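Data first, discussion second: the structure below is written as structure tokens.
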Amino acid sequence: PSPLIAAFRTTLKDVVDAEVLIHVRDIHHPETLLQKRDVESTLNQLMLENKLTTRYIEVWNKIDMLPKNALALMLDQHQPHSQQHIFPVSLLHNEGLPPLVNYIDEILKDYDNQGTYQIVVDPLQTDQIQWLYQHGKVVRVAHKATKTLVQVILNETSLKMYKAKFNTSQFSNHRLFLCSSQSSQTCE
């Protein structure tokens, strides 16, 4: 809700900048689905739809309080309809944590290998610019008459995906520079 977003603007800014979103749910709560919808609605208002599918983890806490076989039934109902990663845990009994921690470690390893790149694209290739916003952190965009310069932070996986998706060799004016003090190209 708008008043809630305004009240927690600083905290929500951290959500926008986060590499991964972890939603810890009380899976035993009678209104757990309503609570989930409220959280997802707020994230959608922040225009984080892409993170909801690519960098969103649901942690179902309090599985120890569920009736027998309820967890298996809930997982069966949820999995076919979702791209989200779900980790059932009991923090009270320290259950289910190793797979969650390992998964988070794998995601964050990718972010250790980030670089800042200046990508020169045809201004008519708006799909490329949109892709960079969804998969990286766009630092600056400069529109010129015949080209658009996008300075973006990408991890290695996203950079490889970008190169493959847009076949960078097919664009005669498409260039990609790593911005660093060691590079002969600068991002200024």
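For my numbering, count along the sequence shown from 1 and bump the result up by 1182. Don't be surprised by glycine CBs; every beta carbon is placed ideally from N, CA and C. Given the structure is predicted, the values throughout are model-derived calculations rather than measurements.
Residue i to residue j span [Cα, whole Å]
| i | j | result |
| --- | --- | --- |
| V1241 | H1205 | 6 Å |
| N1349 | N1337 | 18 Å |
| H1275 | I1209 | 15 Å |
| L1314 | R1237 | 15 Å |
| A1254 | V1303 | 48 Å |
Coil, strand or helix - residue i by DSSP
| i | result |
| --- | --- |
| A1200 | coil |
| A1324 | strand |
| I1209 | coil |
| Q1352 | The predicted position of Q1352 is uncertain, since its pLDDT is 42 and thus under 50; no value can be drawn from it. |
| K1342 | helix |
| K1347 | helix |
| N1284 | helix |
| N1226 | helix |
| Q1307 | coil |
| L1215 | helix |
| H1275 | coil |
| L1248 | coil |
| K1319 | strand |
CB-CB length for residue i against residue j, believed under 8 Å
| i | j | result |
| --- | --- | --- |
| L1300 | L1331 | According to the sequence displayed, residue 1300 carries Gln and not Leu. Their Cβ separation, rounded to whole angstroms, is 6 Å, which keeps Q1300 and L1331 in contact under 8 Å. |
| F1269 | L1282 | 4 Å |
| N1251 | R1207 | N1251 to R1207, Cβ: 19 Å. No contact. |
| I1286 | V1202 | 7 Å |
Close beta carbons around residue i, own chain, < 6 Å, minus the five adjacent residues each side
| i | result |
| --- | --- |
| S1363 | With a pLDDT of only 38 at S1363, under the threshold of 50, the placement of this residue in the model should not be trusted, and no figure is reported. |
| S1272 | I1245 and D1246 |
| Q1333 | Q1300, V1321, R1322 and C1369 |
| I1239 | I1204 and H1267 |
Residues near residue i by beta carbon distance below 7 Å, same chain, minus five either side
| i | result |
| --- | --- |
| P1136 | Nothing about residue 1136 can be read from this structure; the chain reaches only from 1183 to 1370. |
| H1260 | I1268 |
Residues near residue i by beta carbon distance below 8 Å, same chain, minus five either side
| i | result |
| --- | --- |
| Q1217 | R1207, D1208 and H1211 |
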